[in-house]
Amino acid sequence: MTTGLVTAAEEVVTIEIGGMPIDLRTLDPCFRVFIENRYAGFVGTSPHSHLEFDIDLCEPSQPAAGDDLEVKIEGGEWLLKRGDFRARWNSETGRGQIRQSASPYAIDCVLRIVHTLILARQGGFLVHAASAIRGGKAFLFSGVSGAGKTTISRLAPPDATLLTDEISYVRREGNRYVAFGTPFAGELARVGANQSAPVCAVYLLEKGLENRIEPVSTTESVQRLLRNILFFAHDPALVELVFQAACEFVSLVPIRRLVFVPDQRVWDIIR
Amino acid sequence: MMTEKYIARSKAIAARMLGGEMMVMSAADSTFFTLNEVASAIWQAADGRTPLSEIVAGKICQEFDVDPEHAQRGAERFVDELSQHGILLVSDEPLVESSPTLVSR
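Protein chains in written order, with numbering that gives the first Met the number 0: chain A, 0 to 270; chain B, 0 to 104.
Dropping the structure here:
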């Protein structure tokens, strides 16, 4: 199929996050360029993408339309809905449609949800955490807004590669977990590096008067991890998958509390 | 005469024994519970067919050396709390639906 002088291949931008390519197809050349810039570093060329979305742009909806996110299964497909977008996705065929305003938040949100739904079935997850690679190992720094994710990212030494300051991508590979960089940025407004490494530890962030690392009980580890895992659909089967993924993760990866003073010396104790 | 209570684990939950503790999460409201040893024993015995009084007398009192009256009161409080979150199903008749499989580690 062609549209004027634009071939079908040129209508598609492939965004590859966590090693999972997703084809985004749009007839709007400006939005295509916008996507390429927004996800710079994550624009893939994989010809083997099994996930594909047709994007149909529309005018922004009125605030009265409601901003509450809704994610549910309807007619055998996932329905994703918020004030600024409405999407359908068939997890069997991998195909979907997005009707959205030309907003970065809308496409970002759809991508996050689709990744969480796919990862859940593979034992992985997206989690509110900054992450960085140092010495070939990935470290996650988890916490709610204000806990210090951006601060710890900003303090990262030159030999650390920042994967994200906001949303970490964790995939299970055999008996280990691997963290991948994401373009989902927080206050730093900086897209993460498109790299990956085995997860060595998760630090639960807590600002304090000195730098120290404390043990965390298994129960608290699971509870805190679950609190920070991105979780959009209250589908019982999905809840079970996410819960089991969190338990599996805690059984294989050490979770500790990092009490820290916001200066660069905190990175001296991160091993 | 006291009405007998039968308890069964809801299917709308996720549960797992990890590090010696039973963790339970409600699929409906994501409420998270950690059960102590006694509560775990009641939880695991909640097959929908065994009366609560029998679980208390035959399992809790035997395994944990507690007096029956105290154990029964504690068990009823525990069952009430978990049933309020839809984690345990309670009935005065046997519950025939099977409970979810538990994963241990």
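The beta carbon of each residue, even a glycine, is placed where N, CA and C say it ideally should be. Source: prediction; values computed, not measured.
Rounded to a whole number of angstroms, what is the C-alpha to C-alpha distance between residue 11 of chain A and residue 36 of chain A?
Translated into positions along the first sequence, residue 11 of chain A becomes position 12. Translated into positions along the first sequence, residue 36 of chain A becomes position 37. Computed Cα separation, rounded: 14 Å.
Going by other Cβ atoms of all chains shown within 10 Å of its Cβ, with 16 needed for buried, is residue 104 of chain A buried or exposed?
The sequence position of residue 104 of chain A within the first sequence is 105, counting from 1. Under this definition residue 104 of chain A is an exposed residue.
Would you grab the beta carbon distance between residue 164 of chain A and residue 185 of chain A for me? Rounded to a whole angstrom, and I think it's under 8 Å.
Numbered from 1 along the first sequence, position 165 holds the residue referred to as residue 164 of chain A. Numbered from 1 along the first sequence, position 186 holds the residue referred to as residue 185 of chain A. About 5 Å; that satisfies the 8 Å criterion.
How big is the Cα-Cα spacing for residue 212 of chain A and residue 29 of chain A?
To locate residue 212 of chain A, count along the first sequence from 1; it is residue 213. To locate residue 29 of chain A, count along the first sequence from 1; it is residue 30. The straight-line gap from Cα to Cα measures roughly 48 Å.
For a quick check, are the C-beta atoms of residue 125 of chain A and residue 183 of chain A less than 9 Å apart?
Here residue 125 of chain A is taken as the residue at index 126 of the first sequence, counted from 1. Here residue 183 of chain A is taken as the residue at index 184 of the first sequence, counted from 1. Against a cut-off of 9 Å, the Cβ pair of residue 183 of chain A and residue 125 of chain A comes out as a contact.
Touch check for the region 236 to 246 of chain A and the region 1 to 17 of chain B: three-plus C-beta pairs under 8 Å?
Cβ pair count under 8 Å is three or more, so yes.
Any residues in the region 222 to 240 of chain A with a beta carbon nearer than 9 Å to a beta carbon of chain B? Which ones, in chain order?
Within the region 222 to 240 of chain A, the residues whose Cβ lies closer than 9 Å to some Cβ of chain B are 222, 225, 226, 230, 233, 234, 235, 236, 237, 238, 239, 240, listed in chain order.
Would you mind sorting residue 17 of chain B into buried or exposed? The rule is 16 or more other CB atoms within 10 Å of its CB.
As a working note, residue 17 of chain B is residue 18 in the second sequence. Residue 17 of chain B comes out buried.
Could you check which residue in B/77, B/49, B/4, B/28 has the C-alpha nearest to that of residue 36 of chain B?
Start at 1 with the first residue of the second sequence, and residue 36 of chain B comes out as number 37. Checked all of B/77, B/49, B/4, B/28; the closest Cα to residue 36 of chain B is B/77.
Under 9 Å between beta-carbons, which chain B residues line up against residue 181 of chain A? List them in chain order, please.
Walking along the first sequence from the start, residue 181 of chain A turns up at place 182. The contacting residues do not exist; residue 181 of chain A stays about 24 Å from chain B at best.
Which residues in chain A sit within 9 Å of residue 30 of chain B, going by Cβ to Cβ distance?
As a position in the second sequence, residue 30 of chain B is number 31, starting the count at 1. In chain order: nothing, as chain A lies at least about 11 Å away.
In the DSSP assignment, find the unbroken alpha helix (DSSP H) run with residue 240 of chain A in it and report its ends.
Locating residue 240 of chain A in the first sequence gives position 241, counting from the first residue. 235 to 251 is the extent of the alpha helix (DSSP H) around residue 240 of chain A.
If the cut is a Cβ gap below 9 Å, which residues of chain A does residue 45 of chain B touch?
For the purposes of this step, residue 45 of chain B is taken as the residue at position 46 of the second sequence. By Cβ distance, chain A contributes nothing, its closest Cβ being about 18 Å from residue 45 of chain B, past 9 Å.
Label residue 129 of chain A either buried or exposed according to how many other C-beta atoms from any shown protein chain fall within 10 Å of its C-beta, with 16 as the threshold for buried.
What you label residue 129 of chain A is simply residue 130 of the first sequence in a count that begins at 1. The residue in question, residue 129 of chain A, is buried, as its Cβ has 16 or more Cβ neighbours within 10 Å.
Looking at chain B, is there any beta carbon in it that lies within less than 9 Å of the beta carbon of residue 84 of chain A?
Taking the first sequence and counting its residues from 1, one reaches residue 84 of chain A at position 85. Judged by the 9 Å Cβ criterion, residue 84 of chain A is not in contact with chain B.
Tell me which residues of the region 0 to 15 of chain B have at least one Cβ-Cβ distance to chain A shorter than 9 Å, keeping chain order.
Against chain A - using a Cβ distance shorter than 9 Å - the residues of the region 0 to 15 of chain B are 10, 11, 12, 13, 14, 15.
Which residue marks the beginning of the beta strand (DSSP E) containing residue 80 of chain A, and which one marks its end?
Position 81 of the first sequence holds residue 80 of chain A. Counting along the chain, the beta strand (DSSP E) containing residue 80 of chain A begins and ends at 76 to 81.
Taking the Cβ atom as the reference point for each residue, do residue 232 of chain A and residue 80 of chain A lie within a distance shorter than 9 Å?
The count along the first sequence starts at 1 and reaches residue 232 of chain A at position 233. The count along the first sequence starts at 1 and reaches residue 80 of chain A at position 81. No; because the gap between Cβ atoms is not below 9 Å, this pair is not in contact.
Report yes if the C-beta distance between residue 173 of chain A and residue 180 of chain A is below 9 Å; otherwise report no.
As a position in the first sequence, residue 173 of chain A is number 174, starting the count at 1. As a position in the first sequence, residue 180 of chain A is number 181, starting the count at 1. Going by C-beta atoms, residue 173 of chain A is not nearer than 9 Å to residue 180 of chain A.
Select from A/177, A/229, A/222 the residue whose C-alpha is nearest the C-alpha of residue 109 of chain A.
Here residue 109 of chain A refers to the residue found at position 110 when the first sequence is read from its first residue. Nearest of A/177, A/229, A/222 to residue 109 of chain A, Cα basis: A/229.
Counting only Cβ-Cβ distances shorter than 7 Å, please list the residues of the region 200 to 219 of chain A near chain B, keeping chain order.
Correct list: 217, 218.
Is the number of C-beta pairs between the region 47 to 57 of chain A and the region 93 to 100 of chain A that are closer than 8 Å three or more?
Yes, the region 47 to 57 of chain A is in contact with the region 93 to 100 of chain A.
If you drop the 5 nearest sequence neighbours on each side, which residues of the same chain put their C-beta closer than 8 Å to that of residue 63 of chain A?
Position 64 of the first sequence holds residue 63 of chain A. Caution applies to residue 63 of chain A, whose pLDDT of 42 falls short of 50 and renders its modelled position unreliable; the value that the coordinates give is listed next. Cβ neighbours of residue 63 of chain A beyond the five flanking positions: none.
Taking the alpha helix (DSSP H) that residue 156 of chain A belongs to, which residues open and close that run?
Translated into the one-based positions of the first sequence, residue 156 of chain A becomes position 157. First-last for residue 156 of chain A: undefined, no H or E at that position.
Going by the DSSP bridge assignment, what does residue 138 of chain A pair with across the sheet?
Numbered from its first residue, the first sequence carries residue 138 of chain A at position 139. Paired residue(s): A/131, A/200.
Buried or exposed: which applies to residue 22 of chain A, given that a residue is buried once 16 or more other Cβ atoms fall within 10 Å of its Cβ?
Translated into positions along the first sequence, residue 22 of chain A becomes position 23. That one is buried.
Measure the alpha-carbon distance for residue 27 of chain A versus residue 102 of chain A and round it to whole angstroms.
As a position in the first sequence, residue 27 of chain A is number 28, starting the count at 1. As a position in the first sequence, residue 102 of chain A is number 103, starting the count at 1. Their Cα atoms are separated by approximately 13 Å.
Can you tell which of A/74, A/194, A/263 has the C-alpha that lies nearest to the C-alpha of residue 168 of chain A?
If you number the first sequence from 1, residue 168 of chain A lands on position 169. Comparing Cα-Cα distances from residue 168 of chain A to each of A/74, A/194, A/263, the minimum goes to A/194.
So, is residue 251 of chain A buried or exposed, given that buried needs 16 or more other C-beta atoms within 10 angstroms?
Residue 251 of chain A sits at position 252 when you count from the first residue of the first sequence. With fewer than 16 Cβ atoms within 10 Å of its Cβ, residue 251 of chain A is classed as exposed.
Is there a Cβ of chain A sitting closer than 9 Å to that of residue 49 of chain B, yes or no?
The residue you call residue 49 of chain B lines up with position 50 of the second sequence. For residue 49 of chain B, the answer is no, since every Cβ of chain A falls outside 9 Å of its Cβ.
When you compare the CB of residue 243 of chain A with every CB in chain B, is at least one pair closer than 9 Å?
Indexing the first sequence from 1 puts residue 243 of chain A at position 244. With 9 Å as the cut-off, residue 243 of chain A counts as an interface residue toward chain B.
What are the uninterrupted segments assigned as beta strand (DSSP E) that are 3 or more residues long and contained completely in the region 7 to 63 of chain B, given in chain order?
Whole beta strand (DSSP E) segments, 3+ residues: 12 to 17, 20 to 25, 31 to 34, 46 to 50.
With 16 other CB atoms within 10 Å as the buried threshold, where does residue 249 of chain A fall?
Position 250 of the first sequence, counted from the first residue, corresponds to residue 249 of chain A. It counts as buried.
Please state if the CB of residue 71 of chain B and the CB of residue 55 of chain B are separated by a distance shorter than 9 Å.
Within the second sequence, numbered from 1, the residue matching residue 55 of chain B stands at position 56. Within the second sequence, numbered from 1, the residue matching residue 71 of chain B stands at position 72. Result yes, Cβ atoms of residue 55 of chain B and residue 71 of chain B sit closer than 9 Å.
Alpha carbon to alpha carbon, what distance is there between residue 2 of chain B and residue 92 of chain B?
The count along the second sequence starts at 1 and reaches residue 92 of chain B at position 93. The count along the second sequence starts at 1 and reaches residue 2 of chain B at position 3. Residue 92 of chain B and residue 2 of chain B: Cα-Cα distance of roughly 10 Å.
Tell me whether residue 148 of chain A sits in a helix, a strand or coil according to DSSP, three-state version.
By 1-based counting over the first sequence, the position of residue 148 of chain A is 149. Residue 148 of chain A falls in the helix class under three-state DSSP.
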